[in-house]
């Protein structure tokens, strides 16, 4: 049927035309060409002769495609024009949706919606994937956001403008079919379809069911859309309207189905089991007898990797079938190994991943039957290949397979976390994987895969896994060092697992086994024996067992009493083993006589342990027991440490009952012992010292703190042999002082003689090298060799002599600084430097204990100055970054700690600390003067300055206390520093120092400080640059100032007075534009109380601007006049030059 149209909309223009109801395919192709060109599809021009027999034009309704130009909103053309030139974005979508939704003219809105949907629906049939996705996105957004559009009318437009013939011949029909599927899919996502109205459901599924008879890729798309849409359809609606449409294509034997239609049948069964039960499904697939191998072959034999939902539905179907179906699937897969096609591999991996995630709790035991040997080998091989294939995949299927392998790893972790409930199944599944690849993480791409699985095991499973690794050690070959180390590492991880912390008896048993394995030679039965009879496990694993034992012994120890109790039990067990016959001969490191003698004291201590209330006795007990235990190992620790601790314990316990004035206190010796223990390698030493130090610090004195601070003196090396040799007794020092006067001269002579001797030997070597270069070649080895006769030297010999002399002088030339920097330190030097670095980092732990247990003024100030100097020294050295980070961490904790003052505190130390801190910015260390290796960059210097200012603000805040800031001891120093900063160009303080003070939340002196700063806003006394800095600081800290002024009304009034004075001063005095701008900002923030001042300063700024403009114009006029004068002078010079040239020419002619 034809209809007349007054105006047909094409590309924004209008013509009279008639439109056919059934459009030809060529016109749809033309539409596709428009979309390919990057423009939305246009309504095609159709020009035909009018027939007089046709009825008159109908009213324009959504169901009729004849649109009048007058009815369409013209703004839609502008939007489509923008759409053509820009990619999909939310702004374009919103503009189109608002236009179609908010138009109050119903007739215009309907016509516009019809036009927009026509163009977009036609675009879905284009031969351009980008254009199709763009149109589909717009259709989905419009249908979801514009409720006035009827989806049934969209379907009518779809059938009319994207008609598909029943045979689907040619590319045109295929593209139109794709457009129908995409548009139908968009309608499925709309809120209208969610209501499940029968008419709309029937219309949509008629379009979808029709495409099940099309080409393979259309069937694939249609099956995916249908399977996903079943979730939102009620069973009654599906059974009445949808199932009759699908049955003709699905109700067939398995041989007549493809993967897509079979998957769709499984989707119907799984979504609506009441409509299509399992028995009905099996009877439909196999009319006679079910043969599951045919179903498996259908999925595994293809060359296409399907989407994840296809394999998920197959896996759920298998799990619902129970043990027989699962085993049948696994046997079928095992018979197909090795698989060569990527699609087959992807099918097996994905189905297995979904089986793990969907298996029911009562059927979890069947999972172990699925993970057969061939299955595990296949999985580990594919996982290894996917991890090793770092580069781009050669084929798309390889890339897809790699992603599928990643999903399998995630499925295993997810199943252990949420799905698998049987703990024994988890453990056995993990052991199956470990049996084939002990180091499982080497083939897994997921980080910490094994550890994630272990974390989901129960306590019993963790203990069994520990026994698995423990038993595996004895069965490994002697050459299999890698797996042996891996087993020991896993044992350590399990022993320190948080779930096993409460299993005290089990941990104690394992620790005792590790203790015996680390200290004794063990035979095949894990019993102590002599060295020749030791097993391979004992020979190769003893040292590592010792490390694991010491590292795990103190794990999660709650405090000193628990530590003493743990050491008592451990040492008692060890003492019992040592008491057995020939125990010394079975030790890997036999005890010497000195240790055996001191061991008697250890036995006494074990027999009479100290009370828990006596912290000092318990501290010594823990130290003695742990050190004695360490001496039985191969740790390079001297026995004298244990002897000193035993003596110190006696002295400490005696001085607690009677006060004895001793020259060497037990605290000093104990502090030295702690520092010596920190020198030992191993993290457990650091943990042990922290445990002991926590209880010991309250009993230490300030002199002991200085012992620790001396370690952090960056100008000295506490580990150097020279320093150790200088530790003499008091008597020797007195003897040296008495002989000092008599030996000064002789020492100076010896020193000078040595220097002279060195210089003479160096000169002698140079002379000998030059002599050898100058003598004849034949007589070089003789002492009385004749020198070169310079009269007979030819050119060639002269060049040889020149090269020889150059080599001799180059050999003894002093090295440059760059050459010295390039010299790499020796191995022993690198070891010493690393040892010293770790020693200082551990010493910071003791300082942290000091400030937490004794936050007195002397402690905080000394630690603060020391730690800041360490941080400052390390900031410019890349080799000391770990020490820099540790010192910065402690510095942050210090700045958050309040000082505990005495009843009548003396604030003089704080003033000295501030002076020392600020002087550090001016002074340079010896390394900066003598050794130019450490060149700190600007960033490091800036960070040091920031933290110096924070320390300065902290000390000012602590020195002020809760009193009035002006009455505190630090206020005069602060005012003095401020005066120096204002008066001098270079000062100790900077603008950032005062910013740090303003940002200090605890300090009450913000308001008085602001008044002092404002008082320096004086044009006659303060430089313009400093005034601008003060104004900038006040403007940035305005909110803090306003809060502070509320509590200090007097300071607020004085501040306003200073501002008014400064404003009145600027009315007569010149100033910089920057000052005026900052001052206006400050006055504008003051609301009404500064309104008059703001008006005054605005007038000043305006006058200043006009005067600057006038001066610039005057300067420009002056420059122009000077340029004109220069041009006149140049013209005169040129004339004179020309005149002279003419006179010269005349003279030349004459």
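Numbering (the working numbering), first residue to last: 94 to 1243.
Glycine included, each C-beta is placed from N, C-alpha and C at the ideal position.
Item to check | Extent of the continuous alpha helix (DSSP H) run through residue 724 | outcome: The count along the chain shown starts at 1 and reaches residue 724 at position 631. Unbroken alpha helix (DSSP H) run through residue 724: 708-724.
Item to check | Every unbroken alpha helix (DSSP H) within the segment 225-274, with a cutoff of 4 residues, ordered by chain | outcome: Within the segment 225-274, the complete alpha helix (DSSP H) segments of 4 residues or longer fall at 244-254, listed in chain order.
Checklist entry - By Cβ distance below 7 angstroms, which residues in the same chain neighbour residue 1256 in space, the five residues on each side in sequence not counted? => result Residue 1256 is absent from the structure shown; the chain starts at 94 and stops at 1243.
Item to check | C-beta contact flag for residue 499 and residue 479 at 9 angstroms | outcome: As a working mapping, residue 499 is identified with position 406 in the chain shown. As a working mapping, residue 479 is identified with position 386 in the chain shown. Against a cut-off of 9 angstroms, the Cβ pair of residue 479 and residue 499 comes out as a contact.
Item to check | Boundaries of the alpha helix (DSSP H) in which residue 999 is found, first to last residue | outcome: Within the chain shown, the letter at position 906 stands for residue 999. Note, residue 999: premise wrong, no alpha helix (DSSP H); not H, not E.
Checklist entry - So what's residue 1082 in DSSP terms, helix, strand or just coil? => result Position 989 of the chain shown, counted from the start, is the residue given in the question as residue 1082. DSSP places residue 1082 in coil when its eight states are reduced to three.
Checklist entry - Exposed or buried, which one is residue 437 when buried takes at least 16 other CB atoms within 10 Å? => result The residue given as residue 437 occupies position 344 in the chain shown. Here residue 437 is buried. Its C-beta has 16 or more other C-beta atoms within 10 Å.
Item to check | Among 604, 1054, 804 and 183, the one whose alpha carbon lies nearest that of residue 637 | outcome: Position 544 of the chain shown, counted from the start, is the residue given in the question as residue 637. It is 604 whose Cα lies nearest to the Cα of residue 637.
Checklist entry - Ends of the alpha helix (DSSP H) at residue 292? => result As a working mapping, residue 292 is identified with position 199 in the chain shown. Looking at the DSSP string, the run of the alpha helix (DSSP H) that includes residue 292 is 291-303.
Item to check | Contact set for residue 826: own chain, Cβ-Cβ below 7 angstroms, skip 5 residues either direction | outcome: Indexing the chain shown from 1 puts residue 826 at position 733. Note that residue 826 has pLDDT 39, beneath the 50 cutoff, so the model's placement of it is unreliable and the number below is only indicative. So the list is empty, once near-sequence residues are dropped.
Next on the checklist: So if DSSP puts residue 613 in a beta bridge, which residue, or which two residues, is it bridged to?
Outcome noted: Position 520 of the chain shown, counted from the first residue, corresponds to residue 613. For residue 613, which the question treats as bridged, DSSP gives the partners 680.
Checklist entry - If you draw a straight line from the alpha carbon of residue 786 to that of residue 939, how long is it in whole angstroms? => result Sequence index remark: in the chain shown, residue 786 carries index 693 (1-based). Sequence index remark: in the chain shown, residue 939 carries index 846 (1-based). C-alpha separation (whole angstroms): 7 angstroms.
Next on the checklist: Assuming residue 613 and residue 567 are in contact, meaning their beta carbons sit under 8 angstroms apart, how far apart are those beta carbons, in whole angstroms?
Outcome noted: Position 520 of the chain shown, counting from 1, holds the residue named residue 613. Position 474 of the chain shown, counting from 1, holds the residue named residue 567. That belief does not hold up - the Cβ atoms of residue 613 and residue 567 are roughly 16 angstroms apart, past 8 angstroms.
Checklist entry - Between the segment 1164-1174 and the segment 1120-1138, do three or more beta carbon pairs fall short of 8 angstroms? => result Verdict: yes, contact present.
Checklist entry - From what residue to what residue does the alpha helix (DSSP H) around residue 596 run? => result For the purposes of this step, residue 596 is taken as the residue at position 503 of the chain shown. Element bounds for residue 596: n/a, residue is neither H nor E.
Item to check | Check whether residue 640 and residue 775 have beta carbons under 9 angstroms apart | outcome: The residue given as residue 640 occupies position 547 in the chain shown. The residue given as residue 775 occupies position 682 in the chain shown. In contact: residue 640 and residue 775 (Cβ atoms closer than 9 angstroms).
Next on the checklist: Do residue 943 and residue 1175 count as a contact pair if the criterion is CB distance below 9 angstroms?
Outcome noted: In the chain shown, the residue the question calls residue 1175 occupies position 1082. In the chain shown, the residue the question calls residue 943 occupies position 850. Taking C-beta atoms as the reference points, residue 1175 and residue 943 fail to come closer than 9 angstroms.
Next on the checklist: Can you check which of these residues, 1065, 772 and 1045, is closest to residue 937 by C-alpha distance?
Outcome noted: Translated into the one-based positions of the chain shown, residue 937 becomes position 844. Nearest C-alpha to residue 937: 772.
Item to check | Rounded Cβ spacing between residue 305 and residue 354 (contact assumed at less than 8 angstroms) | outcome: Here the question's residue 305 lines up with position 212 in the chain shown. Here the question's residue 354 lines up with position 261 in the chain shown. Sure, about 7 angstroms apart at Cβ, within 8 angstroms.
Item to check | Identity of the residues DSSP links to residue 446 by a beta bridge | outcome: Indexing the chain shown from 1 puts residue 446 at position 353. In DSSP, residue 446 forms no bridge with anything.
Checklist entry - Whole-angstrom Cβ separation of residue 432 and residue 441, contact assumed at under 8 angstroms? => result Reading the chain shown from its first residue, position 339 is the one you call residue 432. Reading the chain shown from its first residue, position 348 is the one you call residue 441. Between residue 432 and residue 441 a beta carbon distance of about 7 angstroms is seen, short of the 8 angstroms cut, so the two are scored as contacting.
Item to check | Beta-ladder partner(s) of residue 622, from DSSP | outcome: Residue numbering aside, residue 622 sits at position 529 when the chain shown is read from its first letter. 614.
Checklist entry - So what does residue 949 bridge to, in DSSP terms? => result For the purposes of this step, residue 949 is taken as residue 856 along the chain shown, with counting starting at 1. Its beta-bridge partners are 993.
Next on the checklist: If you follow the alpha helix (DSSP H) that residue 1252 is in, where does it begin and where does it stop?
Outcome noted: Nothing about residue 1252 can be reported from this structure: the residues present for the chain run from 94 to 1243 only.
Checklist entry - Going by Cα to Cα distance, which pick from 658, 623, 922 and 624 is closest to residue 601? => result Sequence index remark: in the chain shown, residue 601 carries index 508 (1-based). The shortest Cα separation from residue 601 among 658, 623, 922 and 624 belongs to 658.
Item to check | Span separating the alpha-carbon of residue 620 from that of residue 564 | outcome: Locating residue 620 in the chain shown gives position 527, counting from the first residue. Locating residue 564 in the chain shown gives position 471, counting from the first residue. Straight-line Cα distance between these residues: approximately 15 angstroms.
Checklist entry - How many whole angstroms separate the CB atoms of residue 176 and residue 206, which I take to be in contact at a CB cut-off of 8 angstroms? => result Position 83 of the chain shown, counting from 1, holds the residue named residue 176. Position 113 of the chain shown, counting from 1, holds the residue named residue 206. The pair is not a contact, with the Cβ atoms about 16 angstroms apart (cut-off 8 angstroms).
Checklist entry - By Cβ distance, which residues of its chain are closer than 6 angstroms to residue 703, with the 5 residues on each side in sequence left out? => result Taking the chain shown and counting its residues from 1, the one referred to as residue 703 is at position 610. 710, 711 and 714.
Next on the checklist: By the three-class DSSP mapping on this structure, what secondary structure does residue 465 have?
Outcome noted: Working through the chain shown from its first residue, we reach residue 465 at position 372. In the structure shown, residue 465 sits in coil (DSSP, three-state: anything other than H, G, I, E or B).
Next on the checklist: Within 10 Å of its beta-carbon, does residue 962 have 16 or more other beta-carbons around it, so buried, or fewer, so exposed?
Outcome noted: Indexing the chain shown from 1 puts residue 962 at position 869. By the neighbour-count rule (16 or more Cβ atoms within 10 Å), residue 962 is buried.
Checklist entry - Grouping DSSP H, G and I as helix and E and B as strand, with all else coil, what is residue 1096? => result Against the chain shown, residue 1096 aligns to sequence position 1003. Coil, per DSSP.
Checklist entry - What is the residue span of the alpha helix (DSSP H) that residue 786 lies within? => result Position 693 of the chain shown, counted from the start, is the residue given in the question as residue 786. Annotation: the continuous alpha helix (DSSP H) that includes residue 786 extends over 776-789.
Item to check | Buried versus exposed call for residue 1057 [16 or more other C-beta atoms within 10 Å across all chains shown] | outcome: As a first step, residue 1057 is located in the chain shown; it is residue number 964 there, counting from the start. A residue is called buried once 16 or more other Cβ atoms fall within 10 Å of its Cβ, and residue 1057, having fewer, is exposed.
Item to check | Residue environment, residue 734, which counts as buried when at least 16 other CB atoms sit within 10 Å | outcome: Residue 734 sits at position 641 when you count from the first residue of the chain shown. It is buried - the Cβ of residue 734 has at least 16 other Cβ atoms within 10 Å.
Item to check | Pair within 9 angstroms by beta-carbon distance, residue 766 and residue 716 | outcome: Counted from its first residue, the chain shown places residue 766 at position 673. Counted from its first residue, the chain shown places residue 716 at position 623. Contact: yes.
Checklist entry - Helix, strand or coil for residue 379 per DSSP? => result In the chain shown, residue 379 corresponds to position 286, counting from 1. In the structure shown, residue 379 sits in coil (DSSP, three-state: anything other than H, G, I, E or B).
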